[in-house]
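A short worksheet on the structure shown next.
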Amino acid sequence: MSGVRATGIGSFPGTEQRDLDEALAVVLGEVAGDERGIAYVPEVPGRGAAAAMVGRTLGLVGELDADLQPGGWRLTGSAGAPPVDQRRARSLLAQDLDAVEEGAVGHAGAFKTQLTGPWTLAATAERPRGDKLLADHGARRELAQALAVAVTDHVADLRRRLPSASSLVVQLDEPALPAVLAAGIPTASGFGKHRTVHPPEASEALEWVLGAIRDAGATPWVHCCAPGVPIGLLRGAGASGVMLDLGLLDADGHDAAAEALEAGDTIALGVVPTTGELPGAKAVIERVLRWLDMLGLDPEVVGGGLVVTPACGLAGSTPQDARRATELVRSVARSLAGQA
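So for the sequence shown, the numbering used here puts the first residue at 12; every next one is plus one.
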């Protein structure tokens, strides 16, 4: 299976800045150090809301101001200097990118960064008057357009910091997307659910952001480690790669993943568990090969589009298990590629 690659979802355990440094050492040592590895910007969300996925992304969205409330992030609707919480998120990400730039000098392989997608942002952040942005058609449209601008600037910043990288991948994290499509997001009161967002609108917002990534010269992927990943919708909106948890796929998901691989797109298959005891490399390899056989896919044909990853982020693991999971992913990819 020539061409099989390895990467991570992004997050690592820890609560302090030194934990980010340790996570970066793992990424640069275990992933960037392998020719089949796709290195990435590590995340340590345990450092606080400003370091978690929503805060990191809102820190980059310069066209909208946001502050931190007891219930989470909220757009302020005010003009002027960004609120202090948003400035802190922006500063913390800049520090992380400084560390990446320093540690990855001369890195010539692919490099990935992660941002929260427009629908998970809309389902998480609140509008100024309360309730989620998801409740306001105009607000969620404005958010997606502002994110498209932000991602363009982010890619340019990464290209400046990593001039030797062969390619850049931007991963949009959309864990809430299936619930958004199925009217599964609770309202502020908790007694009801937000109305469903229909596929054409969901696709349009994703198209703006994924198109901005592509126009900036990077490759757009979408990650969703929830049941019911709408693989066809994501590909139709412009995602060149879809990252998912193999254990959560239903029959339709298996078929859609197979179609993506046959079409030459990327499927990043989450096969290394993030909780419990880690399996051996042999068991993971056999699981991947059984899956391909079940779908009737020729491993030699699809190998170039297959990426192996942990099932989801590693923030809930111990530092030791996070390192072992990263090592296991690398070992599995090399073995599947016939290079072990």
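All C-beta atoms, glycine included, are put in the ideal place defined by N, C-alpha and C.
Compute the beta-carbon to beta-carbon distance between LEU69 and GLN97, rounded to the nearest angstrom, for a pair I have assumed lies under 8 Å. 6 Å
Buried or exposed (CB count within 10 angstroms, at least 16 for buried), ALA199: exposed
Within the continuous beta strand (DSSP E) that includes ILE11, where are the two ends? As shown, the chain starts at 12 and ends at 351. That puts residue 11 outside it, with no answer to give.
Hey, VAL37 and THR18: beta-carbon distance below 8 Å or not? no
Examine the Cβ distances between the stretch 247 to 267 and the stretch 220 to 231 and report whether three or more of them are shorter than 8 Å. yes
Report yes if the C-beta of VAL15 is less than 7 Å from at least one heavy atom of the ligand FMN; otherwise report no. As for the ligand FMN, it is missing from this structure, which has no ligand bound.
Taking the CB atoms as reference points, tell me whether SER89 and ASP109 lie closer together than 8 Å. no
Considering only residues of the same chain and omitting the five flanking positions on each side of LEU11, which have a CB-CB separation below 8 Å? Residue 11 is absent from the model: the chain starts at 12 and stops at 351.
Comparing alpha-carbon positions, which option in GLU273, LEU132, LEU217 and LEU280 lies nearest LEU260? With distances taken between Cα atoms, LEU260 lies closest to LEU280.
Under three-state DSSP, which class holds VAL52? coil
Residue span of the beta strand (DSSP E) that contains HIS118, given as start and end: Judged by DSSP secondary structure, HIS118 falls outside any beta strand (DSSP E); it is assigned neither H nor E.
Assign SER175 to buried or exposed, taking buried as 16 or more other Cβ atoms, counted over all protein chains shown, within 10 Å of its Cβ. exposed
According to DSSP, simplified to helix, strand and coil, what is LEU179? strand
What separation, rounded to the nearest whole angstrom, lies between the Cα atoms of PRO93 and GLU27? Between PRO93 and GLU27, the C-alpha separation is close to 24 Å.
Would you decide whether LEU300 is buried or exposed? Buried here means 16 or more other CB atoms lie within 10 Å of its CB. exposed
When you compare the CB positions of ALA103 and ALA61, do they come within less than 8 Å of one another, or not? Just to set this straight, residue 103 is Leu in the shown sequence, not Ala. Yes.
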